[in-house]
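Here the structure is laid out as structure tokens; the discussion comes afterwards.
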Amino acid sequence: MTADIRNWVQIGSLEDIPREGARCVKNGDMTIAVFRTAKDDVFALEDKCPHKNGPLSQGIVHDGCVTCPLHNWVISLETGAAQGADEGRTAAFPVRLEDGQILIDLSYSHEAV
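Its first residue numbered 1, the sequence shown is counted upward by one per residue in full-length UniProt numbering.
Given below as structure tokens:
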């Protein structure tokens, strides 16, 4: 039997992130973009587009995706996967809300391929 070890880290409150916006947190050398949708859903992705490493945190949040500001690649907030004809993925991290506080599981990510 394997243990399910999680590393949930509180990174701030939902109100710290504007609707359809993002804020960044550091995890060692990695920057993680934390996104808030218009419906107050929260997602976390490594802050680099799989195309040319553009800063996804500076992109436009829409319809469960973020559009990279460099070359308009559309990335799923849930999986980190490029949408449409584009291929690639950025790391995605589990997120949960507890009493308005955002927690990210840093022990696990849907790794970029």
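Built from N, CA and C at the ideal position, the CB exists for glycine as well. No experiment lies behind these values; they were computed from the predicted model shown.
(1) How is Leu56 classed by DSSP in three states: helix, strand or coil?
(2) With DSSP as the reference, label Glu87 as helix, strand or coil.
(3) Leaving out the 5 sequence neighbours to the left and right, which residues in its chain are closer than 8 Å to His51 when beta-carbon positions are compared?
(4) If contacts are defined as beta-carbon pairs under 8 Å, then Thr37 and Gly12 qualify, I think. What distance do you get, rounded to the angstrom?
(5) Give me the residue from Gly100, Gly28, Leu103, Leu56 with the minimum Cα distance to Glu20.
(6) Rank Glu15, Glu46, Leu14 by C-alpha distance to the C-alpha of Gly28 and give the top, closest one.
(7) Does the beta-carbon of Asn77 have 16 or more other beta-carbons within 10 angstroms, so that it is buried, or is it exposed?
(8) Drop a sphere of 10 angstroms on the beta-carbon of Gly59, count the other beta-carbons inside from all chains shown, and report buried for 16 or more, exposed for fewer.
(9) Please classify Glu46: does DSSP put it in a helix, a strand, or coil?
On the basis of the supplied data:
(1) The residue given as residue 56 occupies position 56 in the sequence shown. Residue state, collapsed to three classes: helix.
(2) Residue mapping note: residue 87 aligns to position 87 of the sequence shown, counting from 1. Coil at Glu87, not helix or strand.
(3) For the purposes of this step, residue 51 is identified with residue 51 of the sequence shown, where counting begins at 1. Closer than 8 Å at Cβ, skipping near neighbours: Cys68, Leu70, His71, Trp73, Ala82, Asp86, Gly88.
(4) Mapped onto the sequence shown, residue 37 falls at position 37. Mapped onto the sequence shown, residue 12 falls at position 12. Rounded to the nearest angstrom, the Cβ distance from Thr37 to Gly12 is 16 Å, too far for a contact under 8 Å.
(5) Numbered from its first residue, the sequence shown carries residue 20 at position 20. If we check each option's Cα against that of Glu20, Leu56 comes out closest.
(6) Counting from 1 along the sequence shown, the entry for residue 28 is found at position 28. Nearest option by C-alpha distance: Glu46.
(7) Locating residue 77 in the sequence shown gives position 77, where the first residue counts as 1. One point to set straight first is that residue 77 is Leu, not Asn, in the sequence displayed. Answer is buried; the Cβ neighbour count reaches 16.
(8) Residue mapping note: residue 59 aligns to position 59 of the sequence shown, counting from 1. It is buried - the Cβ of Gly59 has at least 16 other Cβ atoms within 10 Å.
(9) To locate residue 46, count along the sequence shown from 1; it is residue 46. Residue state for Glu46 is assigned as strand, using DSSP reduced to three classes.
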